[in-house]
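**Q**
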Amino acid sequence: MIRQFHSAARLANYSNIRLTLFSKTNCGLCDKAKEVTKQVAENKQRFMGLQLHIVDIDEPQNKTWWNKYCMDVPVLHVENSNDPETVSKIFHRLDVQQVEQRIESLK
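Right, here's the structure in full:
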């Protein structure tokens, strides 16, 4: 007997992946990074359940991130909630293929 796997079973694996984009206003690279990360996150066919959070480091409540990344934005953290010690970071220029590969490496 051959057991068929529903495609949703494979897609559900991405609910443990979280993308956090650190950006700020008046930052052209940040605008491009937002487009790239949104494009990846909206690909529900491939990355069902993927979480995307955008953090504006200019906001007062994000001062810790401002101190860490003020000269380095955009910065993308790719995290697997099943392994919280592992955070993969992409700095400055992002492209869709690079982000997708990083997600796959942490899945």
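Heads up: the sequence shown runs through residues 4 to 110, numbered per this note's numbering.
The beta carbon of each residue, even a glycine, is placed where N, CA and C say it ideally should be.
Bear in mind the structure is a predicted one, so any value in this text is a computation, not a measurement.
From H95 to D75, what does the alpha carbon distance come to, in whole angstroms?
**A** When rounded, the distance between both Cα atoms is 7 Å.
**Q** Tell me which residues share the same chain as V102 and place their Cβ nearer than 8 Å to its Cβ, disregarding the 5 neighbours each side in the sequence.
**A** L22, V39, T40, V43, L79, V81, I93
**Q** If we call anything under 9 Å between Cβ atoms a contact, is D59 one with T89?
**A** no
**Q** If you run the structure through DSSP and keep just helix, strand and coil, what is K41?
**A** K41 falls in the helix class under three-state DSSP.
**Q** Please state the DSSP three-state secondary structure of N85.
**A** coil
**Q** Name the DSSP bridge partner or partners of D59?
**A** According to DSSP, D59 bridges with S26.
**Q** Shortest alpha-carbon distance to Y72 belongs to which of P87, L24, L109?
**A** L24
**Q** Please state the DSSP three-state secondary structure of V78.
**A** In the structure shown, V78 adopts extended strand secondary structure according to DSSP, grouped into three states.
**Q** Classify R105: buried if its beta carbon has 16 or more other beta carbons within 10 angstroms, exposed otherwise.
**A** buried
**Q** If you check the beta carbons only, do L32 and P87 fall under 9 Å apart?
**A** no
**Q** What does the Cβ neighbour count give for R13, buried or exposed, with the cut at 16 atoms within 10 Å?
**A** Note that R13 has pLDDT 48, beneath the 50 cutoff, so the model's placement of it is unreliable and the number below is only indicative. Result: exposed.
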